[in-house]
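S.K.:
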Amino acid sequence: MDVSLLDLIGGFLAFFLTLFVFSYILGDNLLFRLAIHLFVGVSAGFVAAAVFYSVIWPQLLRPLLLGTLEERLLVVVPLILSLLLLAKAAPRLSVIGAPVMAFLVGVGAATIVGGALLGTLFPQIQASLNLFDPNAAGKAGVNFGSMLFNGGLILVGTAVTLVSFQFGTRFSNNPSLQTAWRAVYLVGRFFVAVTFGVIFAGVYSAVLTVLIERVNLLVEFIRSFLVPIG
Amino acid sequence: MSEIRCSLCGKENPEDAQVCQYCGARLTPVWQEGESAKGLPESGSEAGDLPDWMMTGAGIVSSQFANAGEDEPIPDWLKGLREDAGDERFLGESVGEQEAFTGGDSSDSELPEWLKDIIPSAEPTADISTNKPDLGRIQDEDPDWMRRISDDTSTESFVGEPELPQWDETSAQQSIPAEPEAFEFSTVDDQPAHRSEEQDIPAWLSFEKEGENIPDWLSRSEGLFEEVVSKQPESEPQFPSWIDRATEETAANEPEPFGEQPLDEAPIEPLAAGEPPLTAEPEERPFEEVPGVDEPTFDLGSWDFGAEADLSKSEEVELFDNDLSWLEKIESHSLETPADTSLPDEKPAPEPEGQEVQPADQYPDWLSQIVKPETEEQLPAFTSDLGQEAISTADLPSWLKAMRPMEALDFEGQADAQGQELPEKAGPLAGLVGALPAEPEIIQSAKPPAYTLKPRVSEMHAEQAAMLAALIEQEGVSKPVPQAPIVKTQSLQRILIGVILFAAILISLISSPLVFNAPALNSQVFAVNQLISNLQPGAPVLVVVDYSPGFSGEVTFNLKSMLAHVLAKGGHLVLVSTLPTGPVQAEQLILSLEPVGAVNPAAYTNLGFIPGGHVGVLAFAQDTRDALPFDTHGANAWDNPALLRIHSIRDFSLILIASENPDTVRTWIEQTQSYRGDTPVIVAASAQNEPVIMPYYTAYPSQVNGLLGGLWDSAQYETLLGQPGAALSFWSTFMIALSTVVLLIVVGSAINAALGFMHRTSSAKRTEGRG
Amino acid sequence: MKLRLRTPALSAIAIVSGAIVLLGYFIRIPLLSGLRSVFLSWALILSAIALVVGVLNLFNVHINKLKAGGEQAFFSGILMFSLVVTFVVVVFFGLTSQASLWIFNYLLLPVEASLVGILAIALLYALVRLFYRKLSLFYIIFVATAFFVLAATAMTVWFDLPELGFLRDWVTQTWSLGGTRAILIGVSLGAIATGLRVLLGADRPYEG
């Protein structure tokens with residue numbers, strides 16, 4: 107099969123699939139569903155293929171079939187665990203896959219805890235503490251006064267936003283404290299609203315760029331047919 | 099006598115005591131306090147056995163009789179009546195009532211002069227106050243009460259005497275002076291009991307309060323009576339002659355009737371505290387239940403009549419000739435009351451004017467007993483005469499019945515004692531004999547307390563109950579079917595937005611009407627450029643292709659520029675991804691770099707897919723070779739000379755993370771935090787996750803050393819590199835589309851705000867309409 | 003009874019494996035690091051197998067739908083056909099072969115990118131639709147900020163107003179930074195709390 111012909115067919119497929127998806131603007135329809143089901147099938151096929159190419163073959167089957175005895179012995183345990191885990195696909199045998207799931211959950215939880223603790227919590231707290239570090243101001247290329255103002259603003263925003271997350275916990279029955287707590291909550295909600303507004307603007311910029319790229323693909327596809335004719 | 103017996107409590111008090119030491123009731127008669135209170139003690143000798151109403155009927159408070167009749171024991175029932183709370187009122191009411199009754203009545207054999215003048219000329223005069231048939235008719239039909247008294251006693255009674263004209267004549271002289279007294283008692287308007295009954299006074303009687311509405315005949319009659327009074331000896335207040343006659347039967351030696359006290363010498367003092375109110379208000383219980391009996395307040399007119407009479411005799415005659423036609427109605431009404439019995443041998447008891455004559459059947463028989471001889475010689479005769487029939491018809495003799503309290507009496511028992519049935523006076527059973535009264539008097543002696551049926555609930559409970567009732571009520575009400583969503587309006591808006599946006603993009607892409615300059619450079623773009631520019635030739639650069647295919651149109655703008663820069667610097671690309679489609683995307687990315695297909699396959703290594711998310715990244719960061727030992731072609735990836743020194747993630751010269759997903763970026767930053775060392779990190783982000791990555795970039799020490807986010811930064815970076823690429827080619831279209839979006843936001847928001855306002859307004863109106 | 007015996011064993015597996023991996027973040031002992039590396043490699047393989055289990059489950063579901071017939075059977079057939087063809091082609095030709103790239107470029111990428119593209123219309127419609135209702139203060143601030151960032155981006159270019167660009171950067175990089183950092187810290191705290199509950203045996207999602 108000629109490659110150019112495949113590209114032509116692919117071009118038509120991509121063109122019409124794009125139109126099928128854009129038809130959702132008019133409402134849900136069969137063409138949109140067709141495109142979606144095709145997309146899900148292709149994605150699942152890619153997942154299975156990627157797993158086979160990246161894990162099953164190089165780390166299970168290849169050592170077992172082509173590896174040394176040591177490699178074969180090392181692969182026995184994960185192979186058995188994999189078989190047990192595959193039993194989860196069958197409802198009757200799903201019980202035997204529970205220990206493997208427990209192992210996966212335990213390792214995954216520990217990974218998440220360790221990563222969040224060392225990768226985000228501690229560094230971000232340290233970053234908040236270093237907002238007024240002159241070295242940071244020098245690194246960022248801003249003057250000290252500006253650093254103080256912006257740093258204070260960021261610190262206040264961080265603090266009140268965190269406090270607003272815990273608003274559901276009423277820690278005091280003192281009316282004055284509750285009033286102050288309410289004020290902090292409102293300020294925190296203000297910072298959250300500003301943050302979400304900025305994120306929304308970024309999201310819209312991203313999807314608008316993708317839309318432009320898609321429309322450009324359609325234009326280029328049509329133009330590729332018109333230019334030879336013309 | 100050394101002691102005075104209290105008429106209220108019956109206990110003895112010192113003679114000089116003014117008030118009872120026990121109950122505080124006045125002991126000395128009111129009249130005795132005046133200079134001309136003469137004759138009262140004498141008259142009181144007989145009044146000791148008189149009932150209150152009869153005592154007060156003479157215009158004297160009951161205490162006078164108690165003082166006068168100190169030797170006479172007060173019956174228990176009488177004390178009980180006084181002690182009863184309701185009896186005070188009863189007593190006071192009966193005072194005025196009986197006063198009116200006796201004020202005009204007389205046992206004297208002589209008619210007063212004014213009556214002598216009136217009767218021949220105007221028979222209806224007697225009907226003015228009595229509401230009874232005229233005198234001629236009375237001659238034939240005795241009043242029931244008179245006949246009943248005669249039946250009970252069989253002895254001489256003041257009503258049984260045939261000298262009716264005499265008492266009528268004398269009463270005409272003696273009763274008139276008593277009229278002012280009656281007036282004084284009856285017009286105690288400031289007493290609450292009287293005021294409370296004013297509304298029950300017939301309209302034609304209310305002239306007293308209205309003043310200017312006093313009928314002419316009354317005003318003239320007042321003048322008449324004043325003139326009559328002036329003719330009477332002022333030093334001799336007259337009492338009704340019938341009382342005098344009754345006392346004559348019991349105490350023939352009565353020197354002076356108390357009615358002889360002159361008007362001016364018998365001032366009526368205001369009631370002392372503790373005394374029962376003296377009002378002319380009719381006693382309710384004994385009379386109101388008797389059918390055919392007029393309201394006792396009927397006497398008010400007569401009292402006023404007598405009190406303010408200053409008319410001359412001739413004027414009075416003229417009055418009656420001219421202005422008494424209305425009384426015929428009352429007369430005819432009274433005539434409707436059948437006289438069930440007749441005693442032809444007895445004289446009719448003409449009722450003098452100015453008094454209220456109660457029908458005899460209204461009064462219990464014991465009332466007639468009181469006026470009987472109180473001597474013990476007379477009592478056996480009285481009882482013996484009564485005896486045979488009374489005992490045969492009842493267990494108790496009438497005199498014993500008379501000892502019973504008033505409340506214990508009823509007309510049935512009275513009829514039984516008399517051996518006859520009383521006809522019904524009114525109502526549908528009028529005329530029937532033996533009909534049981536609808537409400538015996540005894541039933542109403544004690545009015546049951548009114549208990550409210552309303553439960554005692556608080557306001558909160560009432561509100562909750564109302565709310566519950568409303569909820570229950572709403573359960574039964576069918577709810578309106580909610581309106582179908584306005585699909586057309588929403589679809590139209592969505593289509594319009596899509597069409598306008600597509601049109602703007604198409605016009606910009608096809609015609610390129612405007613060309614905008616690239617945005618100004620920012621610090622993070624400079625940082626990326628500096629990091630890549632510092633790469634040494636052959637430096638391994640880890641490229642994490644973790645953006646989804648959907649965002650390839652945006653992220654690839656950043657990534658392509660940076661990869662081209664890295665390749666230009668001689669770096670070696672190691673491609674990896676945590677997405678299943680990542681390896682294909684990475685391959686497609688390398689192949690799409692300009693010039694297309696010019697990249698040496700030895701310049702990059704596609705390690706493929708890292709499964710497991712956090713676990714896979716951690717495994718890759720900790721032991722890179724063991725996590726992904728082969729590339730996507732199945733070859734040993736680490737045999738490449740450029741990757742010989744790579745054992746961990748810190749061995750890379752640069753880590754470049756391309757993703758639109760903030761979680762993915764965060765996963766890489768977190769899991770490589772402990773292993774990457776000083777290896778700088780650049781994030782080729784999308785515009786949507788750039789704000790989330792910004793804290794890592796701005797942190798000190800930095801967790802992200804360079805950041806390119808979205809088309810904005812890509813255009814800057816291409817501008818900085820001087821290699822226009824896809825980002826700058828879409829820059830103008832992006833600006834036009836973004837400006838269109840801003841306008842759509844303004845217009846669409848205004849339209850939807852207006853639609854929403856109209857919808858809320860119409861909904862509120864519908865709600866109000868339902869409410 | 004069976005469940006009682008099994009549950010502690012599963013919890014023990016999760017706790018022990020998790021503890022070893024977690025301790026490896028803080029304690030650098032060769033034996034512990036080696037054991038941790040083994041556990042991580044096993045977990046990496048098992049995670050890949052878990053993806054396969056997911057694909058098998060998806061396949062099984064749509065087989066049942068295909069057997070059930072009807073309109074959904076058609077789309078299930080499309081899905082299963084594309085899944086099988088993609089898997090076979092990619093495995094047979096290679097993960098980064100031209101055939102795989104063709105499937106990716108002409109089937110997968112257009113659909114997914116188009117889905118993201120129509121988000122531009124859906125999000126814009128949702129934003130303006132917000133004004134149909136009464137906006138609370140939170141929504142007003144949210145919409146105003148988003149509108150300001152977008153409008154400032156456009157107006158900076160249209161009218162050449164660099165000051166407006168600086169103001170936009172100040173809002174996006176300073177005002178929102180505090181909230182974003184708090185969100186990151188909050189997410190981390192939540193992740194830590196959730197992970198610790200699993201490691202302490204309070205949550206046992208593996209029992210199902």
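Protein chains in written order, with this note's numbering: chain A, 107 to 336; chain B, 99 to 869; chain C, 3 to 210. Beta carbons are placed, not taken as given, at the ideal position from N, Cα and C, and that holds for glycine.
Please name the residue or residues paired with Ala756 (chain B) in a DSSP beta bridge.
M.R.: DSSP lists B:Val643 and B:Ala782 as partners of Ala756 (chain B).
S.K.: Any Cβ of chain C within less than 8 Å of the Cβ of Ala813 (chain B)?
M.R.: Not one chain C Cβ lies under 8 Å of Ala813 (chain B).
S.K.: Have a look at Trp497 (chain B) and Gly525 (chain B) and give me their C-alpha separation to the nearest angstrom.
M.R.: Using only the alpha carbons, I get a separation of about 32 Å.
S.K.: Could you please give the first and the last residue of the uninterrupted alpha helix (DSSP H) stretch that includes Phe250 (chain A)?
M.R.: Run containing Phe250 (chain A): Phe250 to Phe271, per the alpha helix (DSSP H) assignment.
S.K.: I need the straight-line Cα distance from Leu752 (chain B) to Ile22 (chain C), nearest angstrom please.
M.R.: Computed Cα separation, rounded: 30 Å.
S.K.: Any beta-carbon of chain C closer than 8 Å to the one on Glu176 (chain A)?
M.R.: For Glu176 (chain A), the answer is no, since every Cβ of chain C falls outside 8 Å of its Cβ.
S.K.: From the DSSP output, in three-state form, read off Arg124 (chain B) for me.
M.R.: Three-state DSSP puts Arg124 (chain B) in a strand.
S.K.: Does the distance from the C-beta atom of Ile767 (chain B) to that of Val790 (chain B) stay below 8 Å?
M.R.: No; because the gap between Cβ atoms is not below 8 Å, this pair is not in contact.
S.K.: For Val641 (chain B), which option in B:Ser800, B:Ala782 and B:Asn734 has the closest C-alpha, if you only look at C-alpha atoms?
M.R.: Cα-wise, what sits closest to Val641 (chain B) is B:Ala782.
S.K.: Can you tell me where the alpha helix (DSSP H) holding Phe855 (chain B) begins and where it ends?
M.R.: Segment Trp829 to Arg868, the alpha helix (DSSP H) holding Phe855 (chain B).
S.K.: Count the other CB atoms within 10 Å of the CB of Leu283 (chain A); is the residue buried (16 or more) or exposed (fewer)?
M.R.: Classification for Leu283 (chain A): exposed.
S.K.: Using a threshold of 8 Å, state whether the C-beta atoms of Pro164 (chain A) and Phe728 (chain B) are closer than that.
M.R.: Yes, the pair counts as a contact, with Cβ atoms nearer than the cut-off.
S.K.: Over what stretch of residues does the alpha helix (DSSP H) that includes Leu58 (chain C) continue unbroken?
M.R.: Pro32 to Ala70 is the span of the alpha helix (DSSP H), which, as asked, contains Leu58 (chain C).
S.K.: Name the one or two DSSP bridge partners that Asn111 (chain B) has.
M.R.: DSSP lists B:Ile102 as partners of Asn111 (chain B).
S.K.: My output table needs one value for Pro793 (chain B): the three-state DSSP class, helix, strand or coil.
M.R.: Here Pro793 (chain B) sits in helix by DSSP.
S.K.: Find the residues of chain B that neighbour Gln175 (chain C), judging by a C-beta separation of less than 8 Å, and give them in chain order.
M.R.: Per Cβ cutoff of 8 Å: Met792 and Thr796.
S.K.: Short of 8 Å in beta carbon distance, which residues of its chain neighbour Val200 (chain C), apart from the five on each side in sequence? Order them along the chain.
M.R.: Only Ala16, Gly20, Arg206 and Pro207 meet the Cβ criterion.
S.K.: DSSP three-state label for Leu137 (chain C), please.
M.R.: Three-state result, Leu137 (chain C): coil.
S.K.: Going by CA-CA distance only, name the one from B:Gly636, B:Ala824, B:Ser772 and B:Val643 that's closest to Ala701 (chain B).
M.R.: Ranking the options by Cα distance to Ala701 (chain B), first place goes to B:Gly636.
S.K.: Distance cutoff 8 Å, beta carbons only. Does Ala312 (chain A) sit that close to anything in chain B?
M.R.: Chain B contact via Cβ: present.
S.K.: According to DSSP, is Asn632 (chain B) helix, strand or coil?
M.R.: Coil.
S.K.: List the DSSP bridge partners of Thr703 (chain B).
M.R.: The partner list for Thr703 (chain B) (beta bridge, DSSP) reads B:Val672.
S.K.: Reducing DSSP to helix, strand and coil, say where Pro638 (chain B) ends up.
M.R.: DSSP places Pro638 (chain B) in strand when its eight states are reduced to three.
S.K.: Measuring CA to CA, which of B:Val531, B:Ile843, B:Gly529 and B:Ala824 is closest to Leu691 (chain B)?
M.R.: Of the listed residues, the one whose Cα sits closest to Leu691 (chain B) is B:Ala824.
S.K.: Go ahead and pull the three-state DSSP assignment for Asn627 (chain B).
M.R.: Helix.
S.K.: Which value, in whole angstroms, describes the spacing of the CA atoms of Tyr773 (chain B) and Ala740 (chain B)?
M.R.: Approximately 20 Å, taken between the alpha carbons.
S.K.: With a threshold of 8 Å, are at least 3 pairs of Cβ atoms found where one atom belongs to the stretch 66–83 of chain C and the other to the stretch 179–192 of chain A?
M.R.: Result no; under three Cβ-Cβ pairs closer than 8 Å.
S.K.: Using the Cβ count rule (16 or more neighbours within 10 Å means buried), how would you classify Gly668 (chain B)?
M.R.: Under this definition Gly668 (chain B) is an exposed residue.
S.K.: Any beta carbon of chain B sitting closer than 8 Å to that of Val118 (chain C)?
M.R.: Yes, contact with chain B.
S.K.: In chain C, which residues lie with their C-beta within 7 Å of the C-beta of Ile595 (chain B)?
M.R.: Result: Ile123, Leu126 and Tyr127.
S.K.: Once you ignore the five residues that flank Gln456 (chain B) on each side, which residues in its own chain have a CB closer than 6 Å to its CB?
M.R.: Confidence in Gln456 (chain B) is poor, its pLDDT being 46 and thus under 50, which makes the residue's placement unreliable; the coordinate value appears in the next sentence. There are no such residues.
S.K.: Just to confirm my understanding: we take Leu818 (chain B), look at its own chain, exclude 5 residues before and 5 after, and list those with CB closer than 7 Å. What are they?
M.R.: The answer, listed in chain order, is Leu619, Val623 and Asn627.
S.K.: Provide the residue span of the beta strand (DSSP E) that contains Leu170 (chain A), from first to last.
M.R.: Looking at the DSSP string, Leu170 (chain A) is not in any beta strand (DSSP E); the run it does join, the alpha helix (DSSP H), is Arg168 to Leu172.
S.K.: Tell whether a beta-carbon distance below 8 Å holds between Leu316 (chain A) and Phe649 (chain B).
M.R.: The sequence shown places Val at residue 316 (chain A), not Leu. In contact: Val316 (chain A) and Phe649 (chain B) (Cβ atoms closer than 8 Å).
S.K.: To the nearest angstrom, how far is it from the Cα of Ile218 (chain A) to the Cα of Ala195 (chain A)?
M.R.: If I take the Cα positions, the gap works out to 26 Å.
S.K.: Could you tell me the alpha carbon to alpha carbon distance between Pro436 (chain B) and Gly529 (chain B), rounded to whole angstroms?
M.R.: Confidence in Pro436 (chain B) is poor, its pLDDT being 42 and thus under 50, which makes the residue's placement too unreliable to answer from.
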